[in-house]
Amino acid sequence: MGNQLKKSIKNNKVILIPTDFSAVAENAIVHGLEMAQSLQYKACLLHVYQNQPDTIYNKEDDAYQHAVQELLKCKSRYEQNYPVKIETLIREGNLFKVFNMTAAEIKPGLMIMGTHGKQGLQHLFGSYALRVVLDSPCSVMVVRDRPVNKYYRRIVLPVNCEVDPCQMTEWVLRINKIHGPEIFLMEAIESHSDRSSITKGIAMQIISSLKEEKIACRLTRAESSDNFFNQFMAFSNANHADLIITMIRPADDSPGYNFSDWNERLMFNPDGIPVLFIDRG
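Sequential numbering from 404 applies to the sequence shown in the working numbering.
In structure tokens, the structure reads:
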């Protein structure tokens with residue numbers, strides 16, 4: 404999987420950033436452009452124009468023209484502040500279908516999406532964000548209203564036996580190219596000895612790879628196998644995390660680790676820390 408991710412990142416130097424022109428979407432654009440500048444990627448701003456049911460898609464429609472103008476103003480504004488090539492796309496249709504179709508078309512290395520939080524199910528960038536992450540053909544960073552804090556200098560990684568150490572390390576190395584973050588790992592306690600051995604091996608592999616690249620990292624073990632999420636968030640806060648990097652978890656649960664709600668709880672973490680969900684490939 405690690406080699407597959409390296410290939411996709413190398414061959415698709417574009418970050419897809421959906422926007423509905425809200426404040427949180429603007430914040431996602433800033434995160435996306437900061438990342439694009441560091442990775443030397445281009446950015447693609449996508450707005451999904453949703454027509455009323457049973458109406459004909461009309462480019463002369465006032466709402467459509469307003470969306471076009473807003474997208475162009477957004478592009479112009481950010482091009483003045485970032486040395487990043489910015490493209491724009493406006494598409495009409497179902498939000499989830501458009502996201503997947505657009506991602507399949509341009510094959511981005513990453514999508515960065517803003518979310519208003521779990522409240523307000525009518526918002527795309529609310530609870531529906533989980534569906535976008537799970538269905539996306541690429542890795543997705545989810546941000547809320549928390550701004551970029553001197554880029555991502557303190558990154559926290561949750562480690563259990565489902566983590567792909569190659570993919571996790573590759574993303575850290577990409578982000579490290581310019582800004583040199585500190586990396587903090589929290590190792591989950593597994594209730595079964597075979598899973599515990601795998602988890603320890605994964606943690607050691609990540610640490611070894613990072614140390615070879617002279618990247619500062621620290622490993623902490625969870626205190627118990629119960630409620631890993633709360634322990635991990637306390638750990639993230641204690642280390643003043645700017646970014647969390649995790650794998651998209653499988654739907655099924657495993658002993659000692661509740662995968663079913665991990666993605667959603669992490670996405671809507673109470674401190675609004677940005678989360679990079681790595682596609683399992």
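C-beta atoms are modelled at their ideal positions from N, C-alpha and C, and glycine is treated no differently.
Problem set entry | One or two residues paired with proline 421 in a DSSP bridge | Beta-bridge partners of proline 421 (DSSP): Leu449.
For this session: For the beta strand (DSSP E) containing glutamate 616, list its first residue and its last residue.
Result: Segment: none, glutamate 616 is in no beta strand (DSSP E) and carries neither H nor E.
For this session: Using beta-carbon positions only, say whether valine 451 and glycine 496 come within less than 9 Å of one another.
Result: Yes. Within cutoff.
Exercise. How would you call isoleucine 558, buried or exposed, if buried means at least 16 neighbouring beta carbons within 10 angstroms?
Worked result: buried
For this session: Assign proline 561 to one of two classes, buried (16 or more other C-beta atoms within 10 Å of its C-beta) or exposed (fewer than that).
Result: By the C-beta density criterion, proline 561 is buried, having at least 16 other C-beta atoms within 10 angstroms.
For this session: Round the Cβ separation of tyrosine 555 and leucine 646 to the nearest angstrom and send it over; I've been treating them as touching at under 8 Å.
Result: 4 Å
Exercise. So the alpha helix (DSSP H) arginine 556 belongs to, where does it begin and stop?
Worked result: First-last for arginine 556: undefined, no H or E at that position.
For this session: Pick helix, strand or coil for isoleucine 493, following the three-state DSSP scheme.
Result: strand
Exercise. Glycine 435: which of Phe587, Ile515, Lys580 and Lys416 sits nearest, CA to CA?
Worked result: Nearest option by C-alpha distance: Ile515.
For this session: Report the partner residues of glycine 512 according to the DSSP bridge assignment.
Result: Answer is none; glycine 512 lacks a bridge partner.
For this session: Using alpha carbons as the reference points, say which of Gly517, Gln634 and Ser542 lies closest to asparagine 503.
Result: Ser542
Exercise. Among residues of its own chain, excluding the 5 on either side of alanine 625, which ones have a beta-carbon nearer than 7 Å to its beta-carbon?
Worked result: Met589, Glu590, Ala591, Ile592, Phe631 and Gln634
For this session: Give me the Cα-Cα distance between leucine 442 and lysine 488, rounded to the nearest whole angstrom.
Result: So the two alpha carbons sit approximately 12 Å from each other.
Exercise. For threonine 649, which residues does DSSP report across the bridge?
Worked result: Phe680
Exercise. Among residues of its own chain, excluding the 5 on either side of proline 584, which ones have a beta-carbon nearer than 7 Å to its beta-carbon?
Worked result: Tyr555, Arg556, Arg557, Ile558 and Ile578
Exercise. For the beta strand (DSSP E) that contains valine 545, what are its first and last residues?
Worked result: 543-546
Exercise. Does the Cβ-Cβ distance between proline 421 and glycine 517 come in under 9 Å?
Worked result: yes
For this session: List the DSSP bridge partners of glutamate 590.
Result: Val562 and Arg624
For this session: Whole angstroms is fine: what's the gap from serine 628's alpha carbon to methionine 544's?
Result: Computed Cα separation, rounded: 27 Å.
Exercise. Which residues in the same chain as tyrosine 481 place their Cβ atom closer than 7 Å to its Cβ, once the five residues preceding and following it in sequence are excluded?
Worked result: Cβ neighbours of tyrosine 481 beyond the five flanking positions: Ile432, Leu436 and Ile489.
Problem set entry | Residue range of the alpha helix (DSSP H) that includes serine 539 | Note, serine 539: premise wrong, no alpha helix (DSSP H); not H, not E.
Exercise. Terminal residues of the continuous alpha helix (DSSP H) containing phenylalanine 635?
Worked result: 631-641
Exercise. Alpha carbon to alpha carbon, what distance is there between isoleucine 586 and asparagine 415?
Worked result: 26 Å
Exercise. Cα separation between valine 551 and isoleucine 605?
Worked result: 29 Å
Problem set entry | Three-state secondary structure (DSSP) of glycine 435 | helix
Problem set entry | Cβ pair threonine 572, serine 612 closer than 9 Å | yes
Exercise. Run through DSSP, which three-state label would aspartate 656 get?
Worked result: With a pLDDT of 46 at aspartate 656, under the threshold of 50, the predicted position of this residue should be treated as unreliable, and no value is reported.
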